[in-house]
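There are 2 protein chains.
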Amino acid sequence: MAEFKYPEALEEVIEHLKRLPGIGRRTAERLALAMLKWDGEKIIAFGESLVKLPVVVTFCPECGALAENGEKCLICRDPARDTKLLCVVEDFSQIMSIEKSGFFKGVYHVLGGKLSPLEKRSAEDLNINSLPGRIEELAVREIILALSPDVEGQATAMYIARLLQDKKLEITRLAQGLPAGADISFADAATIAAAFSGRRNI
Amino acid sequence: MAEFKYPEALEEVIEHLKRLPGIGRRTAERLALAMLKWDGEKIIAFGESLVKLPVVVTFCPECGALAENGEKCLICRDPARDTKLLCVVEDFSQIMSIEKSGFFKGVYHVLGGKLSPLEKRSAEDLNINSLPGRIEELAVREIILALSPDVEGQATAMYIARLLQDKKLEITRLAQGLPAGADISFADAATIAAAFSGRRNI
Numbered sequence: 003m004a005e006f007k008y009p010e011a012l013e014e015v016i017e018h019l020k021r022l023p024g025i026g027r028r029t030a031e032r033l034a035l036a037m038l039k040w041d042g043e044k045i046i047a048f049g050e051s052l053v054k055l056p057v058v059v060t061f062c063p064e065c066g067a068l069a070e071n072g073e074k075c076l077i078c079r080d081p082a083r084d085t086k087l088l089c090v091v092e093d094f095s096q097i098m099s100i101e102k103s104g105f106f107k108g109v110y111h112v113l114g115g116k117l118s119p120l121e122k123r124s125a126e127d128l129n130i131n132s133l134p135g136r137i138e139e140l141a142v143r144e145i146i147l148a149l150s151p152d153v154e155g156q157a158t159a160m161y162i163a164r165l166l167q168d169k170k171l172e173i174t175r176l177a178q179g180l181p182a183g184a185d186i187s188f189a190d191a192a193t194i195a196a197a198f199s200g201r202r203n204i
Numbered sequence: 003m004a005e006f007k008y009p010e011a012l013e014e015v016i017e018h019l020k021r022l023p024g025i026g027r028r029t030a031e032r033l034a035l036a037m038l039k040w041d042g043e044k045i046i047a048f049g050e051s052l053v054k055l056p057v058v059v060t061f062c063p064e065c066g067a068l069a070e071n072g073e074k075c076l077i078c079r080d081p082a083r084d085t086k087l088l089c090v091v092e093d094f095s096q097i098m099s100i101e102k103s104g105f106f107k108g109v110y111h112v113l114g115g116k117l118s119p120l121e122k123r124s125a126e127d128l129n130i131n132s133l134p135g136r137i138e139e140l141a142v143r144e145i146i147l148a149l150s151p152d153v154e155g156q157a158t159a160m161y162i163a164r165l166l167q168d169k170k171l172e173i174t175r176l177a178q179g180l181p182a183g184a185d186i187s188f189a190d191a192a193t194i195a196a197a198f199s200g201r202r203n204i
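In order, the protein sequence lines correspond to chains A and B.
For the first sequence, the numbering used here begins at 3 and goes up steadily by one.
For the second sequence, the numbering used here begins at 3 and goes up steadily by one.
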């Protein structure tokens, strides 16, 4: 016999698992072997939930957030949301974090990434060009750029601010400063600088 | 709108991922969201590979190792393997490690676990009772107990040794000692004690 190998069907599952972020070959093997100890029915149920995932979970044609069966997302369909307040996020997964805070009651616009010359992502690759049209349609009063405070996030924010400079609306970005519960001794220099420059009266 | 939730189909995938060892709620969410960024076809291919996994990958009716389509495993089907040498392992996943060493040319017997009073696993729950019959059938000369050197592994080895004490065969267990390339200053006390008591002439 040549080199001992896993059955091909198992090898296939390992290859798929390896594509997940942070999962290397060894971890993928470990996970696949662990699954083999489940009831066969549970593995099949897992597989079926994946097969239907891209069919059922779609992206909202309005804002680009997660939605179902090609419909608008729950937020765009909610008449109680203030459409005059538009929050621009990089990624649909960030909407969950913002919604959990319960503070924002407007609607979203998902870019699907940040501008990045290094990764060759320009405005055409992102959901940016539909922004002026949406602003007109929703009669947006304030646009909040909720982009990460890193170089790409700042560049993307500047690009959008310039794109919309002729519109009659307020353009804001999220405050930078110390995170809640943070110990100042562990905060990095950029965070402390931002917290000082953004200081407010109490 | 009530609390913001992921689409149900995504929630389902997260629940399945959570069942994998070492994957908690947050990691499962992260992995599921990462998958949503794949091409839909790749998610479906992953799902299909899982659906067929328990049908295609089965366990060898002879030894309990991984096999395909209900057939005997590659090792049991290989006429070049020495059936007079039987290696008893706890789990099918350990066969891969032993095969990689290329040292062992006999056949295997997978117990499917170790005896454990704490986890209420007795000999009836393991593939132990078929062992005497297989030994007769294969005319085994030596049985190597390749069980982990922990309390449960030792108890299982002792149980098997006693079960087979009337048989005319050699019963051995893997040597304990320093792992290859190990630095003695980092070895634990039990390993050093085993390495001393098992010392050999050079």
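In this text, a Cβ means the ideal position worked out from N, Cα and C, and glycines have one as well.
For L68/B, the three-state DSSP class (helix, strand or coil)
strand
What does the alpha-carbon distance come out to for the pair S99/B and E92/A?
44 Å
I'd like the list of long-range same chain contacts for I186/B, defined as Cβ closer than 8 Å, with 5 residues on each side in sequence excluded.
L180, I194
Could you tell me the alpha carbon to alpha carbon distance between C89/A and G24/A, rounded to whole angstroms?
30 Å
Going by Cα to Cα distance, which pick from G114/B, T29/B, S103/B, P56/B is closest to A67/B?
G114/B
Could you tell me which uninterrupted alpha helix (DSSP H) segments, each at least 4 residues in length, are contained entirely in the segment 117–170 of chain A, listed from first to last along the chain?
133–140, 153–165
Whether V142/B touches K86/B by CB criterion (7 Å):
yes
C-alpha distance - G42/B paired with V57/A, whole-angstrom precision
8 Å
Is there a C-beta anywhere in chain B that falls below 7 Å from the one on V15/A?
yes
Count the other CB atoms, across all protein chains shown, that sit within 10 Å of the CB of A82/A; report buried if there are 16 or more and exposed otherwise.
exposed
Please state the DSSP three-state secondary structure of C89/B.
strand
Under a CB-based cut-off of 7 Å, is S95/A close to chain B?
yes
How close, in whole Å, do the beta carbons of V15/B and A34/B come, if the pair is a contact with beta carbons under 8 Å?
5 Å
Does the Cβ of T158/A have 16 or more other Cβ atoms within 10 Å, making it buried, or fewer, making it exposed?
buried
Leaving aside the five residues before and after A163/B along the sequence, list all residues of the same chain whose C-beta is less than 7 Å from its C-beta, in chain order.
I173
Using only CA atoms, which one of D80/B, G26/B, E13/B lies nearest to V59/A?
E13/B
Chain A contacts from the segment 8–34 of chain B (Cβ-Cβ distance under 9 Å):
Y8, P9, E10, A11, L12, E14, V15, E17, H18, L19, R21, L22, P23, G24, I25, T29, E31, R32, L33, A34
Mind pulling the chain B residues with CB within less than 7 Å of E172/A?
The contacting residues do not exist; E172/A stays about 25 Å from chain B at best.
Using three-state DSSP, classify A195/A as helix, strand or coil.
helix
Reducing DSSP to helix, strand and coil, say where I16/A ends up.
helix
Between A11/A, N203/A, Q96/A, which has its C-alpha nearest E50/B's C-alpha?
A11/A
Going by DSSP, what residue range makes up the alpha helix (DSSP H) through F48/A?
42–58
Straight-line gap, V109/A to N131/A (C-alpha atoms, nearest Å):
17 Å
Could you round the C-beta distance between K169/B and I137/B to whole angstroms and report it? I think they count as a contact, below 8 Å.
6 Å
What in chain A is Cβ-close to K54/B, meaning under 7 Å?
A11
Determine the direct distance from the alpha carbon of A182/B to that of I77/B, and round the result to whole angstroms.
27 Å
Note down, in chain order, each residue of its chain lying with its Cβ closer than 7 Å to the Cβ of N71/A, except the 5 sequence neighbours on either side.
V58, T60
With DSSP run on the structure shown, which of helix, strand or coil describes N203/B?
coil
Mark K102/B as exposed unless 16 or more other C-beta atoms lie within 10 angstroms of its C-beta, in which case mark it buried.
exposed
In or out: M3/B buried (at least 16 other Cβ within 10 Å) or exposed?
Here the model assigns M3/B a pLDDT of 41, short of 50, so the residue's position is not dependable, and the following value carries that caveat. M3/B comes out exposed.
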